[in-house]
Structures are given as C-alpha cells and as structure tokens.
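Here the structure comes first, spelled out in structure tokens, and everything after it is commentary.
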Amino acid sequence: MINSRALAAQTLVQLVDQGRSLADLLPATREQLPEEERGFYQQLVYGCARHYLSLDELTRKLLNKPIAHKERVVHMLLVVGLYQLWQLDLPEHAALYETVDATKPLKKPWAAKMLNAALRRFQREGDELIDGLQNAAGYPGWLTRQLRQAYPEQWQDVMAAGNVQGPMTLRVNRRKADRAEWLARAEAEGLEAFACELTDSAVTLAQPAPVFALPGFADGDVSVQDEAAQQCALLLAPQNGERVLDACAAPGGKTGHLLECADIDMTALDVDESRLQRVAENLDRLGLNARQIAADAADINAWWDGNAFDRILLDAPCSGTGVIRRHPDIKLLRRPKDVDFLTQVQDRLLAQLWRTLKPGGRLLYATCSILPRENSERIAAFLQKQSDARLLPLALAGDAPTEFGVQWLPQPGGHDGFYFALLEKIDPTPAA
Ligand SMILES: C[S@@+](CC[C@H](N)C(=O)[O-])C[C@H]1O[C@@H](n2cnc3c(N)ncnc32)[C@H](O)[C@@H]1O
216 MINSRALAAQ TLVQLVDQGR SLADLLPATR EQLPEEERGF YQQLVYGCAR HYLSLDELTR
276 KLLNKPIAHK ERVVHMLLVV GLYQLWQLDL PEHAALYETV DATKPLKKPW AAKMLNAALR
336 RFQREGDELI DGLQNAAGYP GWLTRQLRQA YPEQWQDVMA AGNVQGPMTL RVNRRKADRA
396 EWLARAEAEG LEAFACELTD SAVTLAQPAP VFALPGFADG DVSVQDEAAQ QCALLLAPQN
456 GERVLDACAA PGGKTGHLLE CADIDMTALD VDESRLQRVA ENLDRLGLNA RQIAADAADI
516 NAWWDGNAFD RILLDAPCSG TGVIRRHPDI KLLRRPKDVD FLTQVQDRLL AQLWRTLKPG
576 GRLLYATCSI LPRENSERIA AFLQKQSDAR LLPLALAGDA PTEFGVQWLP QPGGHDGFYF
636 ALLEKIDPTP AA
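All you need for my numbering is the position in the sequence shown, starting with 1, plus 215.
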C-alpha cells in the first residue's frame with residue numbers, strides 16, 4: 216500500500232518533470248492516504264519543493280552517476296530522504312529506514328541498497344556537503360539574479376524569508392466582531408493568537424489550525440488572509456453607496472473584505488469560471504453579495520455595461536514571487552518568459568480598466584510580486600502614457616525604496632511580499 220514517503224516521491228516527479236502545480240496535485244493525491252498520514256505527506260511535498268534545487272544538488276554529490284531518467288521516482292525518493300535528514304527533526308534512523316522501505320510500495324526493491332548507502336553517507340558527511348552547496352537557498356538562477364539586482368542590500372534576506380513557511384493570518388470581519396473580542400473567544404477555546412501591528416483587523420495564529428477549529432469561521436466572523444492582502448481593501452477604502460469593481464477577484468478574499476468595509480454595489484470579475492465559483496462560496500459564508508462575471512477584464516466590450524466605477528481593485532495576475540513561502544513550487548515552475556508575458560497582461564489590464572473608472576475615481580493596482588518589473592515599472596509606464604492619471608501617496612511604509620508605489624517584502628513571522636499603487640483619475644471638470 217502507498218505511504219506518505221512513496222507518494223511524496225511520485226508527486227515530486229509530477230511537479231518537477233511534468234510542471235504540475237502543488238495546488239493542482241495535492242487535493243487529489245492526499246486522498247490516497249489515510250487521514251493521519253496526510254499532514255506529514257504535505258509537509259514532505261512542500262518541504263522538498265521549497266528546497267528542491269539544493270536537495271537535487273546534494274543527490275549529485277552523493278551518487279557516482281545520476282539515477283536513470285526512467286527511474287525518476289527513485290531519485291525523488293532520495294530527495295525525500297535527504298529532506299528529512301537535513302530539515303526535519305525526526306529520529307534519523309527512522310527517517311532513513313522508512314525512506315528505504317518506501318522502495319517496496321514503489322516496486323523498486325533494487326534501489327534499496329543504493330538509497331541506504333547514499334543516505335548513510337549524508338548522515339556522516341552532511342555538514343560538509345551542505346557547506347559546499349552552490350545553491351543553498353534553492354532559488355533558480357534567473358530569479359536570484361533579478362532579486363539581487365532589485366534589492367542589492369536585501370536579496371539574501373528576501374530569499375531566506377521565502378524559505379520559511381508563512382504564518383496563518385486571519386481577518387476579523389469588522390461587521391460581525393471586534394478583534395479584541397475575537398481574540399478573547401480564541402483564547403477561551405485554547406487557540407493561541409495575537410493581534411498584528413499593521414492592520415486593526417488582522418490576527419496571526421501561533422500555530423496553523425484547520426479552519427473549522429476557528430471560532431465563528433462557518434458564520435463568517437473570520438477569514439484566512441495575510442496581513443499584506445488585507446491592506447488592499449483598506450487602501451482602496453470604498454465608501455457606502457459606491458460602485459466597486461474587483462477585476463481579478465477569485466477566490467474572493469479581497470472581494471469579501473471590500474464588502475465588509477462598506478455597503479457597496481460590488482462587481483466581482485475573473486477570467487477563470489471555476490475559480491469564480493470559490494468567490495460565490497466565500498461570499499456565501501460571509502453572508503455578502505456581489506454581481507459575479509466570468510470574463511477577461513481587459514475585454515471591456517464583453518462585460519462592461521458602460522456605468523463607470525468609483526473604485527477598482529486590480530489585484531493583477533503576477534509571478535507570485537512575494538508568496539513563495541506559501542507556494543514554494545513557484546521556484547520550480549516559473550520561467551523568465553512567464554514574467555515577460557505577465558507584464559503584458561498587467562499593462563493591458565491597467566489600460567483597459569482605466570477606461571471603466573469614473574473621473575475622480577480610484578484604482579488600486581496590487582500584486583503579490585516582489586519584482587519591480589511587475590510593480591513600480593508597470594506603474595511608471597502607465598503614468599507616462601496616461602495623462603489623466605496621478606499616483607496618490609500611501610500612508611504605508613515600504614520595505615524597499617521605490618519611486619512609484621509601495622513595495623513590501625516578505626517578513627519572517629509577518630506579512631507576505633506585496634506591492635501597492637493607488638491611482639486617481641484626474642477629473643477635468645471638478646465641482647466649483
Ligand atoms: C492574484 S489572483 C486574485 C486573488 C483575489 N483577488 C483574492 O484576493 O482572492 C489573480 C486572479 O486574476 C485572474 N485573472 C488572470 N487574468 C485575468 C484577466 N485577464 N481578467 C480577469 N481575471 C484574470 C486569475 O484567474 C486569478 O484568479
């Protein structure tokens with residue numbers, strides 16, 4: 216029968232060699248395991264993905280010749296074994312024995328001896344081998360270069376922060392509960408949580424917990440959302456009665472927050488119809504409503520009724536480089552050409568959505584990227600072309616200087632990497 220280590224090796228083949236994302240792979244593969252093994256399986260897969268490029272380098276140091284390509288699952292099982300010995304606090308003999316034993320469900324008994332020898336060598340020489348790693352942070356070369364160029368002083372800290380799992384942060388629904396009240400309820404239920412400093416609605420849990428264990432989750436009292444993502448609705452600051460567009464809405468985290476902030480006429484749009492279904496589920500739980508449209512936001516002829524919006528949130532599709540700690544497979548799946556393509560999508564979305572904004576209205580451009588090409592450079596290019604746009608100052612300190620907008624970098628134990636720029640459409644006929 217399959218077990219967590221063997222399944223992790225199979226999943227890594229699909230991730231690394233077939234380019235399938237963990238978001239796609241995990242829900243289906245987890246089902247193959249008994250409930251009690253699923254947490255460990257997920258830890259193995261996420262951890263191996265996070266450190267894959269370093270672990271792969273270690274396999275090359277440990278083996279005289281690489282494992283044949285048709286036996287990739289054996290290579291991945293070695294990666295799984297090395298990850299446990301290097302990164303997890305497990306009894307070493309158990310980690311080693313169980314990993315070698317996982318050759319049985321994989322029907323690769325011939326590999327047991329070789330794996331055993333490689334893992335034992337790592338036990339003996341691990342410190343030295345780790346010290347000699349060329350790519351100890353496990354980032355692809357192109358991304359390392361772009362981060363070094365963007366943050367000459369901070370790039371190593373930024374990459375290290377991306378290698379530490381992000382905390383579980385919640386947004387307390389201000390329509391339903393006060394943060395102090397919710398924290399008291401959590402404490403009464405034995406859940407350790409603390410108030411975040413930069414937002415008055417955010418709380419971080421000392422340890423991640425399943426959502427059904429969160430007081431009031433089913434009733435919409437809290438939602439899972441990073442503190443950086445929570446800035447978006449606060450910066451856009453919709454007012455009662457306004458017409459608001461969330462242009463890239465799914466799965467609806469920010470749609471829900473915008474609706475919690477004010478009584479607004481909300482349109483939630485996303486190109487991905489199946490992801491839009493998650494917006495409906497989220498709003499249902501919160502007891503809130505929005506008009507939902509599946510369309511390419513940049514194709515305004517296809518979806519816009521001609522009534523301009525007071526406020527637009529453009530939480531643009533991006534490289535996700537600010538949330539690598541939550542989605543470590545980004546390090547393995549993204550390619551430089553993806554970023555080239557994304558910058559074109561971002562420009563197109565900005566230019567077209569601008570046409571649907573009222574004079575005097577505001578558009579917040581946000582991404583969970585830390586690459587200036589997707590952020591300040593997009594806004595600089597937009598401002599050059601769009602003479603009726605002006606950039607508003609934000610009451611937020613950035614973690615890195617930018618000429619346009621505010622750049623947050625991922626903070627260990629704190630918020631994700633995120634970018635914000637608030638634009639206002641200049642009204643040519645202001646009220647007298
Ligand atoms: C960063 S995610 C949005 C997260 C969401 N705002 C939230 O807080 O839950 C970006 C979204 O943009 C959507 N998207 C990508 N290209 C789009 C387009 N051309 N028009 C509309 N949505 C698009 C993707 O399907 C994805 O759901």
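Ideal Cβ placement from N, Cα and C applies to all residues, glycine included.
In this structure, Glu307 and Leu297 do not form a Cβ contact; the two beta carbons are roughly 12 Å apart against a cut-off of 8 Å. Sixteen is the threshold: since fewer than 16 other Cβ atoms of the shown chains lie within 10 Å of the Cβ of Arg550, the residue is exposed. Cα atoms of Gly502 and Arg394: separation of roughly 19 Å, rounded to the nearest angstrom. Annotation for Phe432: no alpha helix (DSSP H) segment contains it, and DSSP assigns it neither H nor E. In terms of Cα proximity to Leu259, the closest of Leu305, Pro453, Asp642, Gly356 is Leu305.
Judged by DSSP in its simplified three-state form, Tyr261 adopts helix.
Of all alpha-carbon atoms in His630, Leu624, Arg490, the one lying nearest the alpha-carbon of Val373 is that of Leu624.
Distance from Cys463 to Ala566 at the Cβ level is roughly 15 Å; contact not present, criterion being Cβ atoms closer than 8 Å. Taking the Cβ of Ala636 as the reference point, every heavy atom of ligand 1 lies at 7 Å or farther away. By the Cβ neighbour-count rule, Pro587 is buried, with 16 or more other Cβ atoms within 10 Å of its own. Distance from the CA of Asp487 to the CA of Asp342, rounded to the nearest whole angstrom, comes to 46 Å.
DSSP assignment within the region 510–578 yields the following whole beta strand (DSSP E) runs of 3 residues or more, N-terminal first: 524–530. The beta-bridge partner set that DSSP reports for Phe633 consists of Trp623. Straight across, the Cα-Cα distance linking Ala333 with Asp346 is about 17 Å.
Comparing alpha carbon positions, the residue from Glu496, Ala408, Ile282 closest to Pro423 is Ala408.
Inclusion of Pro466 in the 7 Å shell around ligand 1 follows from its C-beta lying nearer than that to a non-hydrogen atom of the ligand.
Within the DSSP secondary-structure output, Gln371 pairs in no beta bridge.
Asp461 places its beta carbon 8 Å or farther from that of Leu491. Every beta strand (DSSP E) of 3 residues or more that sits fully in the region 374–455 is shown, in chain order, as 384–387, 408–410, 417–420, 437–439. It is roughly 26 Å from the alpha-carbon of Ala477 to the alpha-carbon of Ile515. It is roughly 26 Å from the alpha-carbon of Asp614 to the alpha-carbon of Thr470.
Judged by beta-carbon spacing, Ala612 lies beyond the 8 Å limit of Leu638, meaning their Cβ atoms are not closer than that value. At least one heavy atom of ligand 1 falls within 7 Å of the beta-carbon of Asp530. In this structure, Val288 lies near Val228, with their beta-carbon atoms less than 8 Å apart. Arg458 has Asp480 as its beta-bridge partners, per DSSP. With a threshold of 16 other beta carbon atoms within 10 Å, Pro453 meets it and is buried. Note that the C-beta distance between Val426 and Arg386 is not below 8 Å. Ala512 has its CB nearer than 7 Å to a heavy atom of ligand 1. For Leu330, the enclosing alpha helix (DSSP H) covers residues 327–346.
Counting only the Cα atoms, Ala310 lies some 15 Å from Lys328.
In the same chain as Leu547, and ignoring 5 residues on each side of it, the C-beta atoms closer than 7 Å to its own belong to Leu230, Val231, Ala264, Tyr267, in chain order. A Cβ-Cβ distance of about 6 Å is found for the pair Leu557 and Ser534, placing them in contact under the 8 Å criterion. Ranked by Cα distance from Gly620, the first of Asp642, Gln626, Tyr580 is Tyr580. Under a 10 Å Cβ-count criterion, Arg540 is classified as buried, with 16 or more other Cβ atoms of the shown protein chains found around its own Cβ. Counting along the chain, the unbroken alpha helix (DSSP H) around Leu491 starts and ends at 488–501.
Ranking Gln559, Leu292, Ala595 by CA distance to the CA of Pro324 puts Leu292 first.
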